[in-house]
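Step one of this worksheet: look at the structure below.
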Ligand code: G3P
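Listed below in structure tokens is the structure:
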């Protein structure tokens, strides 16, 4: 159960504690931040409002803990991660319950998120022992003018303290996708969860605590972004930032110091549909890609660009499937659940109103109750409508009819975003040409965009982000190359 049993120590009265120096703590000010349940729109949980002073303390602790963690054998780091993964999976139901209450994620998807996170942690431990267990050996005589007098040995060393900031839509999975690579690579960690999702994060962190990681290695501070947000991201003790979220990431990247950044900041993923596409396959992928978790995924299909000749048929098929989506509370495992906040629902409504004024065709009537917005397909969307470019992060999907493949590629590439995209066609040669032409980090052929499986590289270009994620890339990103060069008095040759 949430906040009970093994989780009892993370709760004080009705306020969840923060985690520093291997202990669950209350902030000195006694202030808290309320977490609003998107479904009831009432306070569900409260977390500590940490101060800048408390952040400073945690940073110091993380810095000290990292020094001895870097000396901990790789196999031992992996062993602890495997243990944490097992504990996380063992407690999938209480953590999933937090997800349901804090971010209105459908019940089954919430359980899947926790299990997927445990798998990610285990995979990361295994990948880490492989890729961190080997380095490079270079000899000098391959470069012009050199004899074989220098042997260069390279290895990967930790960066120091990693600041991890996950988003509300995957507060557990996108937290562990930062935590596990950071730890296996020998870094320590300061985690700042999103407000909606903070209690899920705290429960997840407790699983790492129960696994027995050294004190101070993992720390988790909660609080108001206005009080500790900039303070954390500009803190001199931070050696790397891994952030997933909205355009706040652009501001963070401008303010952060000279440290490695990993950022994923959303997308406007286009789905290009050619005349020869399997329209049933397209329709089911549009439903899965556009409406799962009510469209609140960076990789959701956010605009359909369909050839005019098949547009009527496709829209009819998608309409029929939209009619079957269940709408309601996450506890009932509804397909469409309330969006995360009232301000998010208002933003989505603004995009819908703009499309209405400018003449889009509504395939369903627009309906909203509180934060719950019924799924909506907008046909005949034109480039002058905001919904053609902006990401609603909600269950509203625009369809733009195109007359040529070039028109589709042009629309995709005119976006500020470049996370993923997809193309549906039976012609693999055309698919490859289109994939090459689309300015996005990933192109899916004949499937909706998606980040997983979690070991695949995941990256955006333009405003969609900096760097590449996925387990291997994240481990590498959270390390630095260190070289040791052995200088020999005379050239040596192994043969001859
Ligand atoms: O919105 C976060 C982004 O990483 C999406 O992940 O697994 O839904 O494709 P996924």
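Numbering (UniProt numbering), first residue to last: 1 to 496. Cβ coordinates follow ideal geometry from the N, Cα and C atoms, glycine included.
List the DSSP bridge partners of residue 19.
-> For the purposes of this step, residue 19 is taken as the residue at position 19 of the chain shown. BP columns for residue 19 point to 24, 220.
If you measure from the CB of residue 502, is any heavy atom of ligand 1 nearer than 8 Å?
-> No answer is possible for residue 502: the residues shown for the chain start at 1 and end at 496.
Could you check the C-alpha separation between residue 41 and residue 101 for me, to the nearest Å?
-> Here the question's residue 41 lines up with position 41 in the chain shown. Here the question's residue 101 lines up with position 101 in the chain shown. Each residue's Cα considered, the two are about 10 Å apart.
For ligand 1, any of its heavy atoms closer than 8 Å to the Cβ of residue 395?
-> Within the chain shown, residue 395 is the residue found at index 395, counting from 1. Judged by the Cβ position, residue 395 fails to qualify as a neighbour of ligand 1 at the 8 Å threshold, every heavy atom of the ligand being at least this far.
Whole-angstrom C-beta distance between residue 204 and residue 88, which should lie under 8 Å | What you label residue 88 is simply residue 88 of the chain shown in a count that begins at 1. What you label residue 204 is simply residue 204 of the chain shown in a count that begins at 1. Right, the Cβ-Cβ distance comes to about 6 Å (below 8 Å), so this counts as a contact.
Tell me whether residue 337 is buried or exposed, calling it buried when 16 or more other Cβ atoms sit within 10 Å of its Cβ.
-> Position 337 of the chain shown holds residue 337. With 16 or more other Cβ atoms within 10 Å, it is buried.
Any 3 or more C-beta pairs closer than 8 Å across the segment 276 to 289 and the segment 446 to 457 = yes
Assign residue 228 to one of two classes, buried (16 or more other C-beta atoms within 10 Å of its C-beta) or exposed (fewer than that).
-> As a position in the chain shown, residue 228 is number 228, starting the count at 1. Residue 228 comes out buried.
The segment 429 to 447 in contact with the segment 243 to 256 per 3-pair CB rule at 8 Å | no
Endpoints, alpha helix (DSSP H) assigned at residue 44 | Taking the chain shown and counting its residues from 1, one reaches residue 44 at position 44. First-last for residue 44: 43 to 48, but that is the beta strand (DSSP E), not the alpha helix (DSSP H).
What are the residues that DSSP puts in a beta bridge with residue 264?
-> As a working mapping, residue 264 is identified with position 264 in the chain shown. Paired residue(s): 244, 465.
Under a three-way DSSP split, which group does residue 296 fall into?
-> Translated into positions along the chain shown, residue 296 becomes position 296. In this structure, residue 296 counts as coil in the three-state DSSP scheme.
Mind checking residue 293: buried by the 16 CB within 10 Å criterion, or exposed?
-> The residue you call residue 293 lines up with position 293 of the chain shown. Residue 293 is buried by the Cβ-count criterion.
Compute the Euclidean distance between the alpha carbons of residue 170 and residue 104, then round it to the nearest angstrom.
-> Residue mapping note: residue 170 aligns to position 170 of the chain shown, counting from 1. Residue mapping note: residue 104 aligns to position 104 of the chain shown, counting from 1. If I take the Cα positions, the gap works out to 11 Å.
Where the beta strand (DSSP E) containing residue 494 begins and where it ends | Counting from 1 along the chain shown, the entry for residue 494 is found at position 494. Unbroken run through residue 494: none, as it is neither H nor E.
If you draw a straight line from the alpha carbon of residue 85 to that of residue 460, how long is it in whole angstroms?
-> Locating residue 85 in the chain shown gives position 85, where the first residue counts as 1. Locating residue 460 in the chain shown gives position 460, where the first residue counts as 1. Going from the Cα of residue 85 to the Cα of residue 460 covers about 28 Å.
Write down every uninterrupted run of the beta strand (DSSP E) in the segment 371 to 443 whose length is 3 residues or greater and which is fully enclosed by it, in chain order.
-> 376 to 379, 396 to 402, 420 to 424
For residue 95 and residue 7, the rounded distance between their alpha carbons | Translated into positions along the chain shown, residue 7 becomes position 7. Translated into positions along the chain shown, residue 95 becomes position 95. If you take the alpha carbons of residue 7 and residue 95, they lie about 10 Å apart.
For residue 123, name the three-state secondary structure that DSSP assigns.
-> For the purposes of this step, residue 123 is taken as the residue at position 123 of the chain shown. In this structure, residue 123 counts as helix in the three-state DSSP scheme.
Cβ shell of residue 217 (< 6 Å), same chain only, five flanking positions each side left out | Indexing the chain shown from 1 puts residue 217 at position 217. So the list reads 65, 69, 188, once near-sequence residues are dropped.
Which one of 52, 53, 34 has the shortest CA to CA distance from residue 46?
-> Counted from its first residue, the chain shown places residue 46 at position 46. Put simply, of 52, 53, 34 the residue whose alpha carbon is nearest the alpha carbon of residue 46 is 34.
Continuous alpha helix (DSSP H) stretch holding residue 504: start and end = With the chain represented from 1 up to 496, any question about residue 504 goes unanswered, as that position is not in the structure.
Return the residue from the list 51, 147, 425, 108 that minimises the CA-CA distance to residue 306.
-> Here the question's residue 306 lines up with position 306 in the chain shown. Among 51, 147, 425, 108, the Cα nearest to that of residue 306 is on 425.
Where the alpha helix (DSSP H) containing residue 59 begins and where it ends = Residue mapping note: residue 59 aligns to position 59 of the chain shown, counting from 1. 52 to 69 is the span of the alpha helix (DSSP H), which, as asked, contains residue 59.
With respect to 8 Å, is the separation between the Cβ of residue 132 and the closest non-hydrogen atom of ligand 1 below this value?
-> As a working note, residue 132 is residue 132 in the chain shown. Flag unset: Cβ of residue 132 not near ligand 1.
Use the C-beta contact count for residue 239: other C-beta atoms within 10 angstroms, 16 or more gives buried, fewer gives exposed.
-> Here residue 239 refers to the residue found at position 239 of the chain shown. So residue 239 counts as buried.
Chain-order list of residues whose beta-carbon lies under 8 Å from that of residue 78 (same chain, five-residue window excluded) = Counted from its first residue, the chain shown places residue 78 at position 78. The answer, listed in chain order, is 125, 126, 128, 129, 184.
Span of the beta strand (DSSP E) holding residue 156?
-> Locating residue 156 in the chain shown gives position 156, counting from the first residue. In the DSSP assignment, residue 156 falls within the beta strand (DSSP E) that extends over 150 to 158.
Residue 170 CB to nearest heavy atom of ligand 1 below 8 Å | Taking the chain shown and counting its residues from 1, one reaches residue 170 at position 170. Yes; taking the cut-off as 8 Å, the Cβ of residue 170 has a heavy atom of ligand 1 nearer than that.
Under the rule that 16 or more other beta-carbon atoms within 10 Å means buried, what is residue 24, buried or exposed?
-> The residue given as residue 24 occupies position 24 in the chain shown. In summary, residue 24 is buried, with 16 or more beta-carbon neighbours lying within 10 Å of its beta-carbon over all protein chains present.
DSSP state of residue 234, grouped into three classes?
-> As a working mapping, residue 234 is identified with position 234 in the chain shown. In the three-state reduction of the DSSP assignment, residue 234 falls in the coil class.
So the alpha helix (DSSP H) residue 282 belongs to, where does it begin and stop?
-> One-based indexing of the chain shown puts residue 282 at position 282. Residues 279 to 291.
Give the straight-line distance between the Cα atoms of residue 303 and residue 9, rounded to the nearest whole angstrom.
-> Within the chain shown, numbered from 1, the residue matching residue 303 stands at position 303. Within the chain shown, numbered from 1, the residue matching residue 9 stands at position 9. Roughly 46 Å between the two C-alpha positions.
In terms of residue numbering, what span does the alpha helix (DSSP H) encompassing residue 210 cover?
-> On the chain shown, residue 210 is found 210 positions in, with the first residue counted as 1. Start and end: 198 to 211.
Beta-carbon separation (whole angstroms), residue 260 vs residue 159, contact threshold 8 Å | Position 260 of the chain shown, counting from 1, holds the residue named residue 260. Position 159 of the chain shown, counting from 1, holds the residue named residue 159. The pair is a contact, with the Cβ atoms about 7 Å apart (cut-off 8 Å).
Reduced DSSP category for residue 368 - H, G, I as helix; E, B as strand; rest coil | By 1-based counting over the chain shown, the position of residue 368 is 368. Three-state result, residue 368: strand.
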